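**Student:** All letters in the sequence shown, in the order written, are residues 19 to 543 by the working numbering.
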Amino acid sequence: MARTPMIALHLLVALCILSSARTSSSAPSDVDGFIGCLSAAIPPSLIHTPATNSYSSLLLASVRNLRYVLPGTTRPLLIVAVTEPAHVQATVVCGRRHSVRIRTRSGGHDYEGLSYASVDPDQHFAVLDLGELRSISIDASRSEAWVGSGATLGELYYAAAAANQTFGFPAGNCPTVGVGGHLSGGGFGALSRKYGLSADQVIDAVVVDAEGRLLNRSTMGKDLFWAIRGGGGESFGVVLSWKVRLVAVPETVTVFSIRRLRNESAVDLITKWQAISPALPRDLYLRVLIQNQQANFIALFLGRCGGLVDTMRARFPELGMTERDCQEMSWVKSTVFFFYNTADRPAEVLLDRRNANYYLKVKSDHVAEPIPGEALESIWTKWLEKPEAALIMLDPYGGRMRSIPPSATPFPHRDYLYQFQFFSFWFENGTAALERRLSWVRGAYEDLTPYVSKNPRSVYVNYRDLDIGTNELEGNVTSYAKARVWGERYFKGNFKRLAAVKSMVDPDDFFRNEQSIPPLPAAKR
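#1: Which partner residues does A163 have in the DSSP bridge list?
#2: Determine whether the beta carbon atoms of T91 and V137 lie at a separation below 9 Å.
#3: Looking at D48: is its Cβ nearer than 9 Å to the Cβ of H105?
#4: Buried or exposed for Q219, going by 16 or more other Cβ atoms inside 10 Å?
#5: Where does G321 sit, in a helix, a strand or coil, going by DSSP?
#6: Along the chain, where does the alpha helix (DSSP H) that runs through Q107 open and close?
#7: Which residue marks the beginning of the alpha helix (DSSP H) containing F356, and which one marks its end?
#8: Does the distance from the C-beta atom of G199 to that of A189 stay below 9 Å?
#9: In whole angstroms, what is the alpha-carbon distance linking R543 and R515?
#10: Tell me whether L146 sits in a helix, a strand or coil according to DSSP, three-state version.
#11: Identify the continuous alpha helix (DSSP H) that holds Y73 and give its terminal residues.
#12: For K379, which of helix, strand or coil comes out of DSSP?
#13: Reducing DSSP to helix, strand and coil, say where E130 ends up.
#14: If you scan the stretch 196–234 from start to end, which runs of the alpha helix (DSSP H) of 4 or more residues do you find wholly inside it?
#15: Does the Cβ-Cβ distance between I294 and V306 come in under 9 Å?
#16: Determine which residues share a DSSP beta bridge with H431 and list them.
#17: Assuming S534 and E252 are in contact, meaning their beta carbons sit under 8 Å apart, how far apart are those beta carbons, in whole angstroms?
#18: Within its chain, find whatever has a CB closer than 6 Å to the CB of Q439; leave out the 5 residues flanking it on each side and keep chain order.
#19: Please classify P536: does DSSP put it in a helix, a strand, or coil?
#20: On the criterion of 16 or more Cβ atoms from any shown chain inside 10 Å, does Q437 qualify as buried, or is it exposed?
#21: Please say whether M419 and L215 have beta carbons closer to each other than 9 Å?
#22: Please classify D527 as buried or exposed, where buried requires at least 16 neighbouring CB atoms within 10 angstroms.
#23: What residue from V98, A180, T184 and E173 has the CA that sits closest to N191's CA?
#24: Looking only at its chain, what residues have a beta carbon closer than 6 Å to the beta carbon of T15, apart from the 5 residues adjacent to it on each side?
#25: Of all Cβ atoms in chain D, is any one closer than 9 Å to the Cβ of H116?
#26: Identify every residue that forms a DSSP beta bridge with D83.
#27: Taking the alpha carbon of W504 as the point to measure from, which residue in V477, M347, F143 and R333 has its own alpha carbon closest?
#28: Return the bridge partner residues of G414 from the DSSP annotation.
#29: Confirm, please, whether the CB-CB distance from T109 to A69 is below 9 Å.
#30: Per DSSP, what kind of secondary structure is M488 in: helix, strand or coil?
#31: Using the rule of at least 16 other Cβ atoms within 10 Å of the residue's Cβ for burial, across every protein chain shown, is P335 buried or exposed?
#32: Check I97 in the structure and name its three-state DSSP category.
#33: Do you know how far the Cα of T101 is from the Cα of L148?
#34: What are the boundary residues of the beta strand (DSSP E) that V267 is part of?
#35: Just mark L96 as buried or exposed, buried being the case when its beta carbon has 16 or more other beta carbons within 10 Å.
#36: Once the 5 residues before and after L456 are set aside, which same chain residues still bring their CB inside 7 Å of it?
The following block contains the structure:
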């Protein structure tokens, strides 16, 4: 019964590939064979092509960056909304057999849309949507959890706290981010100074490799296990689930949010924050958000208000923090506070997978030495007073994440003071708005050049940025020499090892996109 409607589907998809707006415009020669192969192993209701009514709604369901649904963007040939591991295996096997490449989407937060779209009209690919692979199983006795890649960080936080109020997990501040992509890139957040990155807590994983095999830590080998914990989520296979170590948090934590205008010494405070924040006790995370001509100092302290006040008075008295600034709450409610800037909402908002859609461009940096106050003043005057100014996020490193060697996982940026992120988002459609915002973020980024990391100017791979370079092919595999241009900015010296792993587990370069890891040429091994 499953094959009868698929005959009509094969004809419709061929028409849609020609007529729809840039839907993988350079179609592979055996798309029909690919769909027929899938239909033999996967229920047709899970296969969504441009010919089906569900295609657009599913594609847009977890798109966060509207730049990648604009006309001219190449869309997937089809989306497979998998519900079990066998569906993923079948999609990979069928893709290899019929020359259709696979991109994987867990949460859709990819800043450059590489998990579901392409700016290259010659790309043709299918998308594996892992949104239904989001089960979370907590083993409270061992403080461990198995988490599906399609789960969100918010769902993981909620499940951990539901099992035990003293369970937490070190990961990002946005609860709608997908676990799969976040852990694949390393995963930084408010608990990282205390416990390290998300990837530092991974103790096992289930992966479908380029041959369609289902592997775990013992069968994938140490090199692939190393690569998937920070090497990006698009190069080595499809990670279906992760076994992670939950971390201990107190029953009561304390947060604050203190805003200072420019005429309230905001720049002086940021100048001092640069040296103080990475050296604070590991129980204290103090970030800065700069927007609308003010700096917002936001803290999480793993303890009660009294201990936080004492620490701030001793280490950062200039901020003027007092008991009145304290808000005590459970750790899980602090994750609500960090995203919504209020703890008045119930913890159940963490289960809401919806997110605001907007146009977005992000650029990021790392800072090794404090930026001089006069330079910060100049940047503020030149860039932050403009109406199109982006949100700037400053996140401190140090603590536990600094004590782990840079080669322990592919994430190499552990020795910096802090991370600097330009987060430009807007809701206005049109070329003029797009060009104005892109000009701002690229111009501000350029002016920051003398004060940030060098050789290379490093970037966190979860803050994907196509401006720093894209792949080119040599023959039918990605050029290692060309990929080094962007790859060493994400991974530094770990890039070559990642390419060596790629050559072992996917030598034919089946899993690839504009910034996927290339195989290491034999001459370089």
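Glycine included, each C-beta is placed from N, C-alpha and C at the ideal position.
Please read these numbers as outputs of a predicted model, since none were measured by experiment.
**Tutor:** The relevant details are as follows:
#1: I156 and V262
#2: yes
#3: no
#4: buried
#5: coil
#6: P103 to H116
#7: W349 to Y358
#8: no
#9: 9 Å
#10: strand
#11: S72 to A79
#12: strand
#13: coil
#14: 197–202 and 210–213
#15: no
#16: H431 is not bridged to any residue.
#17: 5 Å
#18: S382 and M411
#19: coil
#20: buried
#21: yes
#22: buried
#23: E173
#24: Residue 15 is absent from the structure shown; the chain starts at 19 and stops at 543.
#25: Absence of chain D from the displayed structure is noted, only one protein chain being present.
#26: A small fix is needed here, since residue 83 is Asn in this sequence, not Asp. DSSP lists Y376 as partners of N83.
#27: V477
#28: Reading off the sequence shown, one finds Pro at residue 414, where the question assumed Gly. According to DSSP, P414 bridges with Y436.
#29: no
#30: For clarity, residue 488 is Thr in the given sequence; the question names Met instead. Residue state, collapsed to three classes: coil.
#31: exposed
#32: strand
#33: 8 Å
#34: Premise fails: V267 is in no beta strand (DSSP E) and is neither H nor E.
#35: buried
#36: K379
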